[in-house]
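Note sheet for the following structure.
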Amino acid sequence: MSSIILFEDIFVVDKIDPDGKKFDKVSRIEARSQNCDMYMLLDVNVEIYPMRVGDKFALALAHTLNLDGTPDTGYYTQGGRKSLADKFEYIMHGKLYKISDEGSGKTLKAEIYVSYGGLLMMLKGDPSYITQFELDQKLFLLMRKL
Amino acid sequence: MLQPQQSSQNLVFTKQPYIEDVGPRKIKSIQFSMMSESEIMKAAEVQVYLGQYYNSNRVPIQGGLLDPRMGPANKSCSCATCHGGFGDCPGHFGYLNLALPVYNVGYLSTILDVLKCICKSCSRILLDEKLCKEYLKKMRSPKMEALRKSDLMKSMVKKCSTMASKAMKCPRCGYINGMVKKAVGVLGIIHDLSKVNENEKECRSAISHTKESKASINAATYILNPVKVLFLFRRMTDEDCELLYLSDRPEKLIVTNIAVPPIAIRPSVIMDGSQSNENDITERLKRVIQANASLRQELLEASAAFKCLAGWDTLQVEVGQYINSDVRGVPFTMQVAKPLSGFVQRLKGKQGRFRGNLSGKRVEYTGRTVISPDPNLKITEVGIPIRMARILTYPERVSHHNIEKLRQCVRNGPDKYPGARMVRYPDGSARQVDRHLEDGDVVLFNRQPSLHRMSIMCHRARIMPWRTLRFNESVCNPYNADFDGDEMNMHVPQTEEARTEALMLMGVQNNLCTPKNGEILVASTQDFLTSSFLITRKDTFYDRAAFSLMCCYLGDGMDLIDLPTPAILKVVKFDMGIGEYLYIPIELWTGKQVFNVLLRPHANMRVYLNLTVKEKTYSNKLIRTEGDEEIRIDSMCPNDGFVYVRNSELISGQVGKATLGNGNKDGLYSVLLRDYGAHAAAVCMNRLAKLSARWIGNHGFSIGIDDVQPKEELIDKKKRLLSENYEVCNVKIKEFNEGKLQLKPGCDAAQTLEAVITDLLNRIREDAGKACMGGLPWRNSPLIMSQCGSKGSPINISQMVACVGQQSVGGRRAPNGFIDRSLPHFPRKSKAPAAKGFVANSFYSGLTATEFFFHTMGGREGLVDTAVKTADTGYMSRRLIKALEDLSIHYDNSVRNASGCIVQFLYGDDGMDPANMEGKSGDPLNFGRLLMKVEATCPVGENKYLSPEEISEMVRKLAEYGMNSDKCCSEAFIDSLRKFFEGRCDKLENKMKFIEDLSGDKNSDILEKVVHKTSGITARQLEVFMETCFSRYRLKKIEAGTAIGAIGAQSIGEPGTQMTLKTFHFAGVASMNITQGVPRIKEIINGAKRISTPIITAELECDYNENSARVVKSRIEKTVLGQVAKSIKIVMTSRLASIVITLDMQTIQDAHLCITADVVKESILQTPRIKVKEQHIKVLDFRKLEIFPSTEKSKIHFELHSLKKVLPMIMVKGIKTVERVVIAEKEKEKKKAKENEEEKKKYRLLVEGLVCLNF
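Dropping the structure here:
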């Protein structure tokens, strides 16, 4: 299980649309995680998954939805097979396109950027949580409100 | 001859291959000359002496201008000489004998030159024997070029004429020669002997005996009539002719017999009645014959020689006009409004024989109609109407493969569509069928004005119903076409060779880029941009049905498509109300995923596009700075303005013009073209055109009145803005009227006021525009169009919604059409915004009558300018082309002209093809982009990252390899490559250093991993990168044979035509306008000595001190006495009168000038044409001096006043030609400003005038 999920934590929404509301259906949320002290910016389709400030949600990043850990084929197949998705409410699929760092030395923080078909995510925090990510990795983002 | 026959048995050619002639013949020389009297007579078949055409029976008169011996005059006659019909008689010459010889006007200047050089008595050269020998030796030298020889001749003429200008004795016969010049007002030459002394004496004494001795008859000038000149010329020796660079006898320059041209070149057209319409040349000849006849009559009468001259002059003029109808020197009485054209007119000008019939011809197999758009066509296609396809044909050679098709065509006949018009047997056995045009045929497509080579391109035909020529809108740009009624031309190449050549050289696919700067020209426009912009919006989501439909749009549903994984796979929790939830799966794809499919429809397509573009909407927010590097918000831009495509996946960004449009070197199509070839780019354009045309057709996109309705809030804000700024304007006007206005540097009060008011008014429009743009909802159509760049700008929108703004005419506010006011609706001398053309209303609210009038004034200026400028720029580009047309690249990489002279040793100093340059500033490659692509396409996988030292080492090795392997990469290129990596290495090194400090820490290896991941590079990536760099660089070299002269000329000429508005040609720096654009280019081409607005930018040695800049300024600027004098007074006492000058020391000190009375005295003395001498000036003290003019007492009053007038104009300081010097602030260099805050402003001088000529 843990090999499927690359990162998991519980986040709290700090702000919604920090730069003002720009799009009707999509909002950018600013959230901070409780365990790993990660900072996250995420575009969420609020039309189908409304978010409010103060919302608490569990977030997981996985490289496949198959519970047995077989890697994602890249081809999309529908079907009612049991998957990781069953436990979550909002799932996005996208690609990790950039890894960068901020600061230097001990205070160095790593950032990963993921684009879920144009809905972007930026996750910033301690480098140790970031090492397992690779560039051009296909990722599933799974969310569940708590 | 055997060989070609043999080969032709094996090979079948559609066109006879070119076989070089066995014995090549070389033309040694061609000599042009006039025909002599006897030659003309010999060549002629008939003497023409009657100025008549037909008799009453409509039969050409014998001996008349249409004598049948010169050829048949019309279809019913036959030639009396060769008995050929109207169609096959080539025509025969006649001749016309003149009663007296006349000058050939075409050679009048040559005749004059010859006459200047020879003695008017003995016909020998006026130079002495020794000099003659010397010149002859030079003239005979075979090494001398023709141009040098004619220069030599000119110098000889100059020498002789300067000698003759003050009476010259012939060294051989002793005759005294005067000056020879062209007669004024008549066609003739005069011999001016007025300077000859003895003659003058003789003349004077003669004149004194006549009654009208005071009359201004200059008896010393003799008219050199053609008979006299002919006599002189006949006596010239052959050696003298050679000396004067005449290749033939000079007497041929004088006309004694006229060759009457054959009727074939001056056809006679018979009108329906008894009228016939004669050619201009025939009419001219008729008049010559008439003048000749009357002259002959006069001669026969032989009464007075005086009378004879009049007839002779008439004949001279007639013969002159026969050759050149707008010859100068035609008497006023003989001038007509629209003269009959002469031979020169037949040849000269755009419609003349050379430019109109020989260089350019009317052609067959062409079509022309109105054009219309069709996004369903490929960019390489053109839709041709069936009715056009039925007329235009292509001769197809019959073979086994096409015989059935062609049979059907022949059966269909000429009128049924896939038919044929003709069957030909060009060489016996093989048949050719001139079949109708069919799909896939090669045609050339063109729109005038053809300003650059992309104005005519090769397309593939698509035969379609209806009546217009159609093409994909993406190709509008190179043709500069729109569909408001434009017409375009089409040509069908008729041989297989021509087709291939057209396709290879002129094919749309091979001309996506302009050779001007390598920017892409064929790209998406208008609707394609709008719909792409809307599709890639962040909040467009599609369900499975909609997404699949859109995927089908882009390839007509025929392409193989891999459906991507949806971006959102949410499971909606549906509350059933009883504590139970129903989970319904939702799949949503985003619009950006449509774009992914468009870029790479299926996995087998190996297109991995990588690019980043900043769109208009990009916020460019700074997140943080790391060292000297600024980290921008990039892809996380809240407006989604940063387009990032990684391995053909649109990661972020709403695509617009910067990505898809023309004129961006980092745009999507440019990158596709460079990385994957023209075909990939073209296919992508086709797909986008289809997708967007269909999508926008369903989605709908329109503009309505509600789009331009301002909100309450905006109306209020505008009102406030207007009243505030009007208030400020009024205050400024009041200050101006009271003379209290603070002046701007280099401006007077009126200019300052204008500048201030214009500034304020522009700010109103800008602020109103900003407020208006901010208040518009994102769905507003004009806003969408302006954001994505398809049409319109924020200014256009704010003009519709908020405020139209200031109207300008000739770069200023509306001028005064009435006395002291622009329109009678306003008070006189009003400077108020509304009175000078400020339009406060918007197009929505409607303009008042006066505003409307001002608006039309501005609009008219634009129209007039475009009308006037087209002719100007057209001529400019013609001259450019004519100057550069023969320059091309030779196989030794040098640029040479047609005669083989080297213009450049290496084209552009780097020998690169400008069409293939990828970098923005013309660099061959954009390393940053290329590295990004390599990094994205070569995954790291298990490979090891390199350390900084390893990187530098490897770069060095690879660079050396690239340098030495085939010596193709230039030093500069390798250097730039090295520099690029140095920067990167340094960054990595810095980061690694921090980590090394932490070594031992448990986190250190994690940190190292992260750093590697963020800015590391593997050996494989580096290798691939360098390899691509080298191989691409090699392909970017310019090919030998490229006509770079024409390319260069077109690259300057074509943008010139875009610069229409006059105001566009002036760019202002602190009220100092610089001429730019078309007028400047014209100046440069003309090589004008006195250029308009000459400005020198002078860098200062100490450029941070404004005061020192002022001191320098005052030294350079022209300062006159009037500017620094407090008073210049006339002082009159009973004993003496003088002028007292008092200097204004305050002003002098303010301007940092060192002017004292002594300086003024010096400068007065140095002024030319002033009668004041040293002893007349008395310096009273350092600021006062007195001038006592030294004239008789009676004139002293006038003298004083004239002095008083002159004195203020006397220059006391500076350089005469410098009218103005402006101190300009240098643009702050951002980095330096940050480094030390003290160094705030830097100054330099802008000097107006041609100073350097004086130093």
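In order, the protein sequence lines correspond to chains A and B. First residue of the first sequence? That's 1 in full-length UniProt numbering, and the numbers climb one at a time after it. First residue of the second sequence? That's 1 in full-length UniProt numbering, and the numbers climb one at a time after it. Quick reminder that beta carbons are idealized off the backbone N, C-alpha and C, glycines included. None of these values were measured; they are calculated from a predicted model.
Residue i, buried or exposed, once every other Cβ within 10 Å from all chains shown has been counted against 16
i	result
K719 (chain B)	exposed
H400 (chain B)	exposed
H602 (chain B)	exposed
S1134 (chain B)	exposed
K1205 (chain B)	exposed
N662 (chain B)	buried
A849 (chain B)	exposed
Helix, strand or coil at residue i according to DSSP, with G and I counted as helix
i	result
Q787 (chain B)	helix
Y116 (chain A)	strand
A840 (chain B)	coil
C513 (chain B)	strand
R52 (chain A)	coil
Q31 (chain B)	coil
D21 (chain B)	coil
R978 (chain B)	helix
R470 (chain B)	strand
D151 (chain B)	helix
K130 (chain B)	helix
W589 (chain B)	strand
Straight-line gap, residue i to residue j (C-alpha atoms, nearest Å)
i	j	result
residue 1258 (chain B)	K831 (chain B)	Any answer about residue 1258 (chain B) is impossible in this case: the structure gives chain B only from 1 up to 1255.
S648 (chain B)	A523 (chain B)	18 Å
R1183 (chain B)	I1210 (chain B)	16 Å
R424 (chain B)	A430 (chain B)	9 Å
Y394 (chain B)	I1038 (chain B)	34 Å
K348 (chain B)	F354 (chain B)	7 Å
C1029 (chain B)	G54 (chain A)	52 Å
M685 (chain B)	I4 (chain A)	40 Å
V269 (chain B)	T314 (chain B)	28 Å
E497 (chain B)	Y961 (chain B)	41 Å
L554 (chain B)	V671 (chain B)	20 Å
Chain D within 8 Å of residue i, Cβ atoms only
i	result
N639 (chain B)	Note that chain D does not occur in the displayed structure, where the protein chains are A and B.
heavy atom of the ligand FAD below 7 Å from residue i C-beta
i	result
A840 (chain B)	As presented, the structure is devoid of all ligands, the ligand FAD included, so that no description of it is given.
Compile a chain-ordered list of the residues in the stretch 924 to 936 of chain B whose CB is closer than 9 Å to at least one CB of chain A. E935 and A936
Contact list for the stretch 81 to 104 of chain A against chain B, Cβ threshold 9 Å: A85, D86, F88, E89, Y90, I91, M92, H93, G94, K95, Y97, K98, I99, S100, D101, E102, G103 and S104
Just checking, does the stretch 257 to 267 of chain B make contact with the stretch 232 to 245 of chain B on the three C-beta pairs under 8 Å criterion? no
Please name the residues in the stretch 530 to 550 of chain B whose beta-carbon is closer than 9 Å to at least one beta-carbon of chain A, in chain order. T536, R537, K538, D539, T540, F541 and R544
Beta carbons nearer than 7 Å to chain A: which residues of the stretch 648 to 660 of chain B have them? Flagged, chain order: E649, L650, I651 and S652.
Take every Cβ of the stretch 717 to 737 of chain B, pair it with every Cβ of the stretch 747 to 754 of chain B, and state whether three or more of those distances are shorter than 8 Å. yes
Cβ-based contacts, 7 Å cut-off: residues of the stretch 594 to 620 of chain B near chain A: none
Which of the residues in the stretch 1004 to 1026 of chain B, read from start to end, lie with their CB under 7 Å from any CB of chain A? Cβ contacts with chain A come from I1006, L1007, K1009, V1010, V1011, K1013 and T1014.
Could you please tell me which residues of the stretch 2 to 17 of chain A, in chain order, have their CB closer than 9 Å to any CB of chain B? D17
Can you confirm whether the stretch 180 to 196 of chain B touches the stretch 103 to 113 of chain B when touching is taken to mean that 3 or more C-beta pairs between the two stretches lie within less than 8 Å? yes
Can you give me, in chain order, the residues of the stretch 26 to 40 of chain A that have a beta carbon less than 8 Å from any beta carbon in chain B? V26 and R28
Please name the residues in the stretch 108 to 132 of chain A whose beta-carbon is closer than 8 Å to at least one beta-carbon of chain B, in chain order. Contacts with chain B (Cβ-Cβ distance below 8 Å) from the stretch 108 to 132 of chain A involve L108, A110, Y113, S115, Y116, G117, G118, L119, L120, M122, P127, S128, I130 and T131, listed in chain order.
Counting only Cβ-Cβ distances shorter than 9 Å, please list the residues of the stretch 558 to 569 of chain B near chain A, keeping chain order. D562, L563, P564, T565, P566, A567, I568 and L569
Validate contact between the stretch 38 to 45 of chain A and the stretch 60 to 67 of chain A using beta carbons, cut 8 Å, 3 pairs: no
Segment contact flag, the stretch 127 to 146 of chain A with the stretch 84 to 102 of chain A, C-beta cutoff 8 Å, min 3 pairs: Cβ pair count under 8 Å is three or more, so yes.
Contact residues within the stretch 760 to 773 of chain B, judged by C-beta distance below 9 Å to chain A: Flagged: no residues at all.
Is the stretch 69 to 80 of chain B in contact with the stretch 17 to 27 of chain B, if contact means three or more CB pairs nearer than 8 Å? no
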